[in-house]
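Asks:
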Amino acid sequence: MSETPILECRRLGIDFGGLTAVDEFDLTVGRREIAGLIGPNGAGKTTVFNLLTKVYKPTRGTIMLDGVDTHGMTTVQVNRAGIARTFQNIRLFNNLTVEDNVKLGQHNHINYGLWSGLFRLPSYWREEKAAHERALDLLSIFDMQDMADAKAGSLPYGAQRRLEIVRALATEPKILLLDEPAAGMNPSETAELMENIRKIRDTFSIAVLLIEHDMKLVMGICENITVVNFGKIIAKGTAEQIQNDPVVIEAYLGKKEA
Amino acid sequence: MKLLTNKTTRSNTITYAVVVISFVLLQLWSGAGMSSSLKGMLVPICAYVVMALSLNLTVGVLGELSLGHAGFMSVGAFTGTTAAMALAQSIPSDGLRLAIAMVVGALFAAIAGFLIGIPVLRLRGDYLAIVTLAFGEIIKSIFTNLYVGFDGGLRVSLLSNQTGIADNDLIIRGPMGIGGITKISTFVAGFVLIMLTLIVIFNLVNSRSGRAIMALRDNRIAAESVGIPVTKYKMMAFVISAALAGAAGTLFGLNYSTVVANKFDFNTSILILVFVVLGGQGRMLGSIIAAAALTILPEVLREFADYRMLVYAIVLILVMIFTNNPTIKGFFTRLFSKKQEGGANQ
Numbered sequence: 213m214s215e216t217p218i219l220e221c222r223r224l225g226i227d228f229g230g231l232t233a234v235d236e237f238d239l240t241v242g243r244r245e246i247a248g249l250i251g252p253n254g255a256g257k258t259t260v261f262n263l264l265t266k267v268y269k270p271t272r273g274t275i276m277l278d279g280v281d282t283h284g285m286t287t288v289q290v291n292r293a294g295i296a297r298t299f300q301n302i303r304l305f306n307n308l309t310v311e312d313n314v315k316l317g318q319h320n321h322i323n324y325g326l327w328s329g330l331f332r333l334p335s336y337w338r339e340e341k342a343a344h345e346r347a348l349d350l351l352s353i354f355d356m357q358d359m360a361d362a363k364a365g366s367l368p369y370g371a372q373r374r375l376e377i378v379r380a381l382a383t384e385p386k387i388l389l390l391d392e393p394a395a396g397m398n399p400s401e402t403a404e405l406m407e408n409i410r411k412i413r414d415t416f417s418i419a420v421l422l423i424e425h426d427m428k429l430v431m432g433i434c435e436n437i438t439v440v441n442f443g444k445i446i447a448k449g450t451a452e453q454i455q456n457d458p459v460v461i462e463a464y465l466g467k468k469e470a
Numbered sequence: 006m007k008l009l010t011n012k013t014t015r016s017n018t019i020t021y022a023v024v025v026i027s028f029v030l031l032q033l034w035s036g037a038g039m040s041s042s043l044k045g046m047l048v049p050i051c052a053y054v055v056m057a058l059s060l061n062l063t064v065g066v067l068g069e070l071s072l073g074h075a076g077f078m079s080v081g082a083f084t085g086t087t088a089a090m091a092l093a094q095s096i097p098s099d100g101l102r103l104a105i106a107m108v109v110g111a112l113f114a115a116i117a118g119f120l121i122g123i124p125v126l127r128l129r130g131d132y133l134a135i136v137t138l139a140f141g142e143i144i145k146s147i148f149t150n151l152y153v154g155f156d157g158g159l160r161v162s163l164l165s166n167q168t169g170i171a172d173n174d175l176i177i178r179g180p181m182g183i184g185g186i187t188k189i190s191t192f193v194a195g196f197v198l199i200m201l202t203l204i205v206i207f208n209l210v211n212s213r214s215g216r217a218i219m220a221l222r223d224n225r226i227a228a229e230s231v232g233i234p235v236t237k238y239k240m241m242a243f244v245i246s247a248a249l250a251g252a253a254g255t256l257f258g259l260n261y262s263t264v265v266a267n268k269f270d271f272n273t274s275i276l277i278l279v280f281v282v283l284g285g286q287g288r289m290l291g292s293i294i295a296a297a298a299l300t301i302l303p304e305v306l307r308e309f310a311d312y313r314m315l316v317y318a319i320v321l322i323l324v325m326i327f328t329n330n331p332t333i334k335g336f337f338t339r340l341f342s343k344k345q346e347g348g349a350n351q
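Note that the protein sequences, when read in sequence, are chains A and B. To convert, take the position in the first sequence, counting from 1, and add 212; that gives this note's numbering. To convert, take the position in the second sequence, counting from 1, and add 5; that gives this note's numbering.
#1: Quick one: what does DSSP say A:Q453 is sitting in, helix, strand or coil?
#2: Per DSSP, what are the beta-bridge partners of A:T232 in this structure?
#3: Between the alpha carbons of B:I186 and B:A88, how many angstroms are there, rounded?
#4: Using a C-beta to C-beta distance shorter than 9 Å, which residues of chain B count as neighbours of A:D312?
#5: Give the residues of chain B in contact with A:I322, contact being defined as C-beta atoms less than 8 Å apart.
#6: Distance check for A:Y336 and B:L31, CA to CA, integer angstroms please.
#7: Would you mind telling me which residues of chain A sit closer than 7 Å to B:I199, beta carbon to beta carbon, in chain order?
#8: Measuring alpha carbon to alpha carbon, tell me which of B:M90, B:V24 and B:T63 ends up nearest B:T137.
#9: For a test of the three-state rule: what should DSSP assign to B:K145, helix, strand or coil?
#10: At the 8 Å Cβ level, is A:Y369 part of the contact set with chain B, yes or no?
#11: My assumption, with CB atoms under 8 Å, is that B:L209 sits in contact with A:L330. Please give the rounded CB distance.
#12: Quick test of your reading: A:V234 and A:T259, contact by CB under 8 Å. State the CB separation rounded to the nearest angstrom.
#13: My output table needs one value for B:L126: the three-state DSSP class, helix, strand or coil.
#14: Does any residue of chain B bring its CB to less than 8 Å from the CB of A:K386?
#15: Can you say whether A:I409 is buried or exposed, counting buried as having 16 or more other CB atoms within 10 angstroms of its CB?
#16: Is A:T383 close to chain B, meaning its C-beta is less than 8 Å from at least one C-beta of that chain?
#17: Just checking: is the beta-carbon of B:N173 within a distance shorter than 8 Å of some beta-carbon in chain A?
#18: Rounded to whole angstroms, how far is the Cβ of B:V264 from the Cβ of B:I183, which I believe are closer than 8 Å?
#19: How many angstroms separate the CA atom of B:G179 from the CA atom of A:N291?
#20: For A:E236 versus A:K444, is the C-beta distance shorter than 8 Å?
#21: Since I believe B:T328 is in contact with B:A82 (beta carbons under 8 Å), could you give me their beta-carbon distance rounded to a whole number of angstroms?
#22: Using a C-beta to C-beta distance shorter than 9 Å, which residues of chain B count as neighbours of A:Y336?
#23: Would you report the Cα separation of B:G347 and B:K12, rounded to the nearest angstrom?
#24: Taking a contact to mean a Cβ-Cβ separation below 8 Å, would you say B:V231 touches A:G317 in this structure?
#25: Taking only three categories from DSSP, how would you classify B:N350?
#26: Under 8 Å, do B:T300 and B:M46 count as touching if we go by C-beta distance?
#27: Taking any Cβ of chain B, which residues in the region 251-268 of chain A have a Cβ under 8 Å from it, in chain order?
#28: Exposed or buried, what is A:R297 when buried is set at 16 or more other beta-carbons lying within 10 Å of its beta-carbon?
#29: Could you work out which residue in A:Y268, A:L326, A:H319 and A:L350 is closest to A:F228 when comparing CA atoms only?
#30: Quick one: is B:L291 near chain A, going by C-beta distance under 8 Å?
#31: Less than 8 Å separating the beta-carbons of A:A382 and A:V314?
#32: With a CB to CB cut of under 8 Å and the five nearest residues on each side skipped, what residues in its chain are close to A:D281?
#33: With DSSP as the reference, label A:R374 as helix, strand or coil.
#34: What number of angstroms, rounded off, separates the C-alpha of B:V282 from the C-alpha of B:L151?
#35: Give the DSSP-derived three-state secondary structure of B:L9 in the structure shown.
#36: Tell me the DSSP secondary structure of A:T240 in three-state form.
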């Protein structure tokens, strides 16, 4: 346990005017851990993701990424530092091809500038070829190589979700944040996704933090689960602990009549 | 290599081919009995084509509406023409002088684009459009009040002539603009500029930077989430667009004996925007055809005399209806995809 955790939030909080959306949020995600963040609708799960990726600036608290305080960083800098995410409402570059979407994920790992691009210098050809091969490699995780030339916006819903994951992976993150990756998928697709999330963790040896409503997926792959309600953590633990926690059951199903 | 065989490369090649073939045909025609009024339009057509292409970079590729594009053309026309006139003694070769003037025009327009971009690119959508409109007008008023002379060194003054050079010997004479220009712009130079513009735009769009620019257009939040800095790439597109417009402005300015700032007003900006919208946002061949056709159209419609502008407007409306009607669009898509399938089977 001497390793520093990949992600560590301490007393994270944000207020929108008078409304406290997230408060006293503590979370630790270890290396190569798959962690889950669950809670009823409107509990503040996506807000936590937006705080971690600096879409919102936290009002309080600290976020340590791999031992580095991300205070004052922008969304772009946080991504370069190693956090990649997907979105609950899919945000792809719809008018670009699947391959270009993945290449955009690689943006900061492609090494040639404006002039090499404009004049097609050797570095352009070399780097583009490498990026092309890398994009196909990444797409092959989800068996999507054949779709490389299709417009991202024309893909079926499930494929769009998978492409978002591939694009996020292409940024070479240390931790991957997945916001409802199984939304809209059927049970067999969800089972496949579960396998793939594990595969991603193993091959890239990165941590994964996911928000999900599909309890089968959450309980199936998350080693640690954090439950939030009304912006506050109400329970933490393994799948078994969470399932038997009366506070969690109350949050989801309401209080039992005395 | 796969990079060379994809759809984009094919459509780019078609665009290059169309430009080269049109150039050759027009060049042959102008040698064999083209009317002099049409001949006189060849260079302006080239300038407008480049204007449309460069605005398409801002509107179609970056996805921001700019209503002040004529401002950059103006910067290019004035600075480029001034450079050409100041260098008249030291560089006797017309071609070389024109090339240098275009570089100067592009450079100054790029600087103007950068300076205007700093405040403008913080805005989004309609607000950005309105502010670019304002900057277009500001550029116009600056050139209306600018006095520049050359007596071995460049003398510049604003509002009134305090350069110490007699009014008649000035290059830029305030509201009178630039007079006594030696026309050195040629159709060949215009063609070369169009080709260069196409190379810049196509190579940009298919490079790392161009992808980033289009990513901003499609989804800014997602672009930031994968580590693409918004301002940098917005600025890059805006400055390149301004620089190309500056070169077009120089070409345009050096085609007439006088250049006045009022020529590059709001109407010109809108005209160029019409080329882009009509040709299709992000479609370079469309911009080229629209710019060329709409520049010639008033000339062709001369027979209609008084009804010229009316017919012009009706043509615009018809084109918009035909290009936006889903049924007609669907018909062409089907036609096109069938053709492609046929090609693949052979």
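Glycine included, C-beta positions come from ideal geometry on N, C-alpha and C.
Replies: Reading it off the structure:
#1: Reading the first sequence from its first residue, position 241 is the one you call residue 453 of chain A. Helix at A:Q453.
#2: Counted from its first residue, the first sequence places residue 232 of chain A at position 20. For A:T232, DSSP records a beta bridge to A:D227.
#3: Indexing the second sequence from 1 puts residue 186 of chain B at position 181. Indexing the second sequence from 1 puts residue 88 of chain B at position 83. Roughly 11 Å between the two C-alpha positions.
#4: Here the question's residue 312 of chain A lines up with position 100 in the first sequence. Chain order gives the chain B residues near A:D312 as R216, M219 and A220, where near means a beta carbon separation below 9 Å.
#5: Start at 1 with the first residue of the first sequence, and residue 322 of chain A comes out as number 110. Ordered by position in chain B, the residues that pass the 8 Å Cβ test against A:I322 are R213.
#6: The residue given as residue 31 of chain B occupies position 26 in the second sequence. The residue given as residue 336 of chain A occupies position 124 in the first sequence. Distance between the alpha carbons of B:L31 and A:Y336 is about 36 Å.
#7: Mapped onto the second sequence, residue 199 of chain B falls at position 194. Below the 7 Å Cβ cutoff, chain A contributes no neighbours of B:I199, its closest Cβ being approximately 16 Å away.
#8: Position 132 of the second sequence, counting from 1, holds the residue named residue 137 of chain B. Per the C-alpha coordinates, the member of B:M90, B:V24 and B:T63 positioned closest to B:T137 is B:T63.
#9: Taking the second sequence and counting its residues from 1, one reaches residue 145 of chain B at position 140. Residue state for B:K145 is assigned as helix, using DSSP reduced to three classes.
#10: Numbered from its first residue, the first sequence carries residue 369 of chain A at position 157. No Cβ of chain B is located within less than 8 Å of the beta carbon of A:Y369.
#11: Along the second sequence, read from residue 1 onward, the residue named residue 209 of chain B stands at position 204. Along the first sequence, read from residue 1 onward, the residue named residue 330 of chain A stands at position 118. Indeed, because the Cβ distance is near 6 Å, the residues count as touching under 8 Å.
#12: As a working mapping, residue 234 of chain A is identified with position 22 in the first sequence. As a working mapping, residue 259 of chain A is identified with position 47 in the first sequence. Confirmed, about 5 Å.
#13: Locating residue 126 of chain B in the second sequence gives position 121, where the first residue counts as 1. For B:L126, the three-state secondary structure derived from DSSP is coil.
#14: Counted from its first residue, the first sequence places residue 386 of chain A at position 174. It does not; no Cβ of chain B falls within 8 Å.
#15: Numbered from its first residue, the first sequence carries residue 409 of chain A at position 197. Result: buried.
#16: Reading the first sequence from its first residue, position 171 is the one you call residue 383 of chain A. True, the Cβ-Cβ gap to chain B drops below 8 Å.
#17: Here residue 173 of chain B is taken as the residue at index 168 of the second sequence, counted from 1. False, the Cβ-Cβ gap to chain A never drops below 8 Å.
#18: Numbered from 1 along the second sequence, position 259 holds the residue referred to as residue 264 of chain B. Numbered from 1 along the second sequence, position 178 holds the residue referred to as residue 183 of chain B. Right, their Cβ atoms sit about 5 Å apart.
#19: Locating residue 179 of chain B in the second sequence gives position 174, counting from the first residue. Locating residue 291 of chain A in the first sequence gives position 79, counting from the first residue. Straight-line Cα distance between these residues: approximately 51 Å.
#20: Here residue 236 of chain A refers to the residue found at position 24 when the first sequence is read from its first residue. Here residue 444 of chain A refers to the residue found at position 232 when the first sequence is read from its first residue. Cβ distance < 8 Å, so A:E236 and A:K444 count as in contact.
#21: As a working note, residue 82 of chain B is residue 77 in the second sequence. As a working note, residue 328 of chain B is residue 323 in the second sequence. In fact, because the Cβ distance is near 31 Å, the residues do not count as touching under 8 Å.
#22: By one-based count along the first sequence, residue 336 of chain A stands at place 124. Think of a sphere of 9 Å around the beta carbon of A:Y336: the chain B residues whose beta carbon falls inside it are N208, S212 and R213, in chain order.
#23: For the purposes of this step, residue 347 of chain B is taken as the residue at position 342 of the second sequence. For the purposes of this step, residue 12 of chain B is taken as the residue at position 7 of the second sequence. At B:G347 the pLDDT is 43, less than 50, meaning the model places this residue with poor confidence; the figure from the coordinates comes in the next sentence. Looking at the two C-alpha atoms, the distance is approximately 15 Å.
#24: Here the question's residue 231 of chain B lines up with position 226 in the second sequence. Here the question's residue 317 of chain A lines up with position 105 in the first sequence. Yes, they are a contact pair.
#25: Numbered from 1 along the second sequence, position 345 holds the residue referred to as residue 350 of chain B. Low per-residue confidence applies at B:N350: pLDDT is 38, beneath 50, and the placement is therefore not dependable, though the value from the model is reported in the following sentence. Of the three classes helix, strand and coil, the one that applies to B:N350 here is helix, per DSSP.
#26: Locating residue 300 of chain B in the second sequence gives position 295, counting from the first residue. Locating residue 46 of chain B in the second sequence gives position 41, counting from the first residue. The answer is yes: Cβ separation under 8 Å.
#27: Listed by position along the chain: T265 and V267.
#28: Position 85 of the first sequence, counting from 1, holds the residue named residue 297 of chain A. Classification of A:R297: buried, given that the 10 Å Cβ count is 16 or more.
#29: Within the first sequence, numbered from 1, the residue matching residue 228 of chain A stands at position 16. Nearest option by C-alpha distance: A:Y268.
#30: Stepping through the second sequence from its first residue, residue 291 of chain B is reached at position 286. According to the sequence provided, residue 291 of chain B is Gly. The question's Leu does not apply to it. No, because no Cβ of chain A sits closer than 8 Å to the Cβ of B:G291.
#31: Residue mapping note: residue 382 of chain A aligns to position 170 of the first sequence, counting from 1. Residue mapping note: residue 314 of chain A aligns to position 102 of the first sequence, counting from 1. In this structure, A:V314 lies closer than 8 Å to A:A382 by Cβ.
#32: Mapped onto the first sequence, residue 281 of chain A falls at position 69. Cβ-Cβ distances below 8 Å link A:D281 to T274 and I275 in the same chain, with the five nearest sequence neighbours on each side left out; the list follows chain order.
#33: Reading the first sequence from its first residue, position 162 is the one you call residue 374 of chain A. For A:R374, the three-state secondary structure derived from DSSP is helix.
#34: The residue you call residue 282 of chain B lines up with position 277 of the second sequence. The residue you call residue 151 of chain B lines up with position 146 of the second sequence. Their Cα atoms are separated by approximately 33 Å.
#35: For the purposes of this step, residue 9 of chain B is taken as the residue at position 4 of the second sequence. Because B:L9 carries a pLDDT of 47, less than 50, the predicted location of this residue cannot be relied on, and no value is offered for it.
#36: As a first step, residue 240 of chain A is located in the first sequence; it is residue number 28 there, counting from the start. Looking at A:T240 - three-state DSSP - the assignment turns out to be strand.
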